[in-house]
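> In the working numbering, the protein residues as written are 2 to 159.
Don't be surprised by glycine CBs; every beta carbon is placed ideally from N, CA and C.
1. Quick one: what does DSSP say residue 93 is sitting in, helix, strand or coil?
2. Kindly give me the distance between the Cβ atoms of residue 144 and residue 118, rounded to whole angstroms, as I take these residues to be in contact under 8 Å.
3. Checking the sheet assignment: what are the DSSP bridge partners for residue 144?
4. Applying the criterion that 16 or more other CB atoms from any shown protein chain within 10 Å of the CB defines a buried residue, is residue 53 buried or exposed?
5. Nearest by alpha-carbon distance to residue 110: which of 56, 27, 17 is it?
6. For residue 135 and residue 106, I'd like the C-alpha separation in whole angstroms.
7. Can you have a look at residue 33 and say buried or exposed, based on whether 16 or more other CB atoms are within 10 angstroms of its CB?
8. Taking the alpha carbon of residue 149 as the point to measure from, which residue in 23, 78, 22 has its own alpha carbon closest?
9. Have a look at the DSSP bridge pairing and note the partners of residue 76.
10. Pull up the distance between the alpha-carbon of residue 98 and that of residue 29, whole angstroms please.
11. With 16 other CB atoms within 10 Å as the buried threshold, where does residue 12 fall?
Written as structure tokens, this is what we have:
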């Protein structure tokens, strides 16, 4: 009889160990999923933490990557005042097509004049032919508003 009683105890102990291991695995997986979710959100969420960062990201998305969907993440919902940027990009694309060249866009440091919930960001935008034969510089001022993160609402050539 002791052999049967001992066997039953071993089965219960074995089940308990298996349940503890399974519970620990579930907790580890749930914790790992939470960490993965936070890492994914941080990697994919647009950085609109400051006015200059929002303008920099907008310029990169709109003029360098030419990705309208990504650029909209940094723009105000009603971005009618960004027609100057639309015209600049159309001009770049037209020159590239007409002359069979690649125009590189870059910019210097961004100057921020911040006041309550609004900012003006001024930056010099440079366009250069990829071979370095020609370049030009234009200064722009961007109106940036804090709408649950900074967003570009207007652009004006200075």
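Here's the rundown:
1. Residue 93: helix per DSSP, three-state reduction.
2. Not a contact, Cβ separation roughly 12 Å.
3. In the DSSP output, where bridge partners are listed per residue, residue 144 has 121, 155.
4. Classification of residue 53: buried, given that the 10 Å Cβ count is 16 or more.
5. The residue among 56, 27, 17 with its C-alpha nearest the C-alpha of residue 110 is 56.
6. Residue 106 has its alpha-carbon roughly 12 Å from the corresponding atom of residue 135.
7. Burial call: exposed.
8. Checked all of 23, 78, 22; the closest Cα to residue 149 is 78.
9. Residue 76 is bridged to 153.
10. So the two alpha carbons sit approximately 54 Å from each other.
11. The residue is exposed, with fewer than 16 neighbouring Cβ atoms inside 10 Å.
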